Amino acid sequence: DAGITQSPRYKITETGRQVTLMCHQTWSHSYMFWYRQDLGHGLRLIYYSAAADITDKGEVPDGYVVSRSKTENFPLTLESATRSQTSVYFCATAEAAKNIQYFGAGTRLSVL
Amino acid sequence: GENVEQHPSTLSVQEGDSAVIKCTYSDSASNYFPWYKQELGKRPQLIIDIRSNVGEKKDQRIAVTLNKTAKHFSLHITETQPEDSAVYFCAASMGDDKIIFGKGTRLHILP
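Chains as they are written, first to last, in my numbering: chain A, 3 to 114; chain B, -10 to 100.
Spelled out as structure tokens, the structure:
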């Protein structure tokens, strides 16, 4: 579990502010994913990355930006936070696309 | 579009009884079906997965069945115990490199 780290664990921000959630892995897994978890919606894929410099949209990408300049890091940025982006955000890694995903501990984000 | 439906959303069973959670998927090309368990306040963790070349897979008290023709798969937990109380998510592969999750089932094991 220590192989994947999310920071911060908790974040409170205001509408309109830019927020970046960090995800770092030590396993050198090719794939990294960002999900948001909301009551009644389960886990929804925001963005994912198959390798450094390769990213793709998931189910709910609007309002989010990602980058992957290094294999081990996959930051998620909310360019102008909205209240609807209040959620728990999970990062995950996998050796291959159709393989076990290892989740980070999550970041609880509140947008006031 | 890409979709995974999961039922029921909540399930209560007596300790020692069996629990069954069912999922359907929309993409006939899906070929990987994992199940994740999330305990309260914790991160999701894989408990079992199945690929489309098999119809059933077991791991102790947990089993998953897959019906590709009907595009549905199920999780079966036998001899349920208090520690089985959690939220369970099914998922299905979509395209070559992502999976889509169902909305989850909250399982309560009653004493």
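Quick reminder that beta carbons are idealized off the backbone N, C-alpha and C, glycines included. Just so it is clear, the structure is predicted and the values come from calculations on it, not from any experiment.
Between the CA atoms of residue j and residue i - distance to the nearest angstrom
i, j, result
"A/Tyr12", "B/Ala59", "42 angstroms"
"B/Tyr25", "A/Lys72", "28 angstroms"
"A/Val90", "A/Tyr49", "15 angstroms"
"A/Gln39", "B/Leu29", "13 angstroms"
"B/Ser17", "B/Lys57", "8 angstroms"
"A/Gly108", "B/Val76", "16 angstroms"
"A/Gln8", "B/Cys12", "30 angstroms"
"B/Asp86", "A/Ala98", "8 angstroms"
"A/Tyr104", "B/Leu64", "20 angstroms"
"B/Asp73", "B/Ile98", "7 angstroms"
"A/Gly106", "B/Pro100", "32 angstroms"
"A/Ser82", "A/Phe35", "21 angstroms"
"B/Phe62", "B/Met83", "15 angstroms"
"B/Thr95", "B/Thr(-1)", "The sequence given here places Arg at residue 95 of chain B; Thr does not occur at that position. Straight-line Cα distance between these residues: approximately 5 angstroms."
"B/Arg40", "B/Asp48", "15 angstroms"
"A/Pro77", "A/Arg46", "17 angstroms"
"A/Arg70", "A/Phe92", "16 angstroms"
"B/His(-4)", "B/Ile89", "15 angstroms"
Within chain B, partners of residue i - CB distance below 8 angstroms
i, result
"A/Ile102", "Pro23, Leu35, Asp38"
"A/His43", "Lys92"
"A/Ala52", "Asp86"
"A/Phe92", "Arg32, Pro33"
"A/Phe76", "Neighbours of A/Phe76 on chain B: none; closest Cβ ~14 angstroms, over 8 angstroms."
Contact list for residue i against chain A, beta-carbon separation under 8 angstroms
i, result
"B/Asp48", "Simply none; closest approach about 13 angstroms."
"B/Ser82", "Ala99, Lys100"
"B/Ile89", "Leu47, Glu61"
Close-in-space but distant-in-sequence residues of the same chain around residue i (CB under 6 angstroms, 5 per side omitted)
i, result
"B/Pro23", "Leu35, Asp38, Ala80"
"B/Gln3", "Leu99"
"B/Tyr21", "Arg40, Ser82"
"B/Thr54", "Glu45, Ser63"
Contact set for residue i: own chain, Cβ-Cβ below 7 angstroms, skip 5 residues either direction
i, result
"A/Pro63", "Ile48, Tyr49"
"B/Glu68", "Gly5, Arg50"
"A/His43", "none"
"A/Tyr84", "According to the sequence displayed, residue 84 of chain A carries Thr and not Tyr. Around A/Thr84: Thr17, Gly65, Val113."
Same chain, Cβ closer than 8 angstroms to residue i, neighbours up to 5 away in sequence not counted
i, result
"A/Glu74", "His26, Gln27, Thr28, Ser30"
"A/Asp58", "Tyr49, Tyr50, Ser51, Ala52"
"B/Gln27", "Pro33, Gln34, Ala75, Val76, Tyr77, Phe78, Gly93"
"B/Ser15", "Gly(-10), Glu(-9), Asn(-8), Val(-7), Lys60"
"A/Ser32", "Ala52, Ala53, Thr73, Ala96, Glu97, Ala98"
Chain-ordered chain B contacts of residue i [CB-CB under 7 angstroms]
i, result
"A/Gly108", "Arg32"
"A/Gly5", "Near A/Gly5 there are no residues of chain B at all, since even the closest Cβ is about 12 angstroms away, more than 7 angstroms."
Amino acids of chain A, ordered along the chain, whose beta-carbon sits closer than 7 angstroms to that of residue i
i, result
"B/Gly44", "Residues of chain A passing the Cβ test: none, with the nearest at roughly 18 angstroms."
"B/Phe78", "Gly44, Leu45"
Could you tell me which uninterrupted beta strand (DSSP E) segments, each at least 3 residues in length, are contained entirely in the segment 16 to 49 of chain A, listed from first to last along the chain?
-> 21 to 27, 33 to 40
Sequence ranges, beta strand (DSSP E) only - wholly within the segment 56 to 104 of chain A, length at least 3 = 56 to 59, 66 to 68, 78 to 80, 89 to 96
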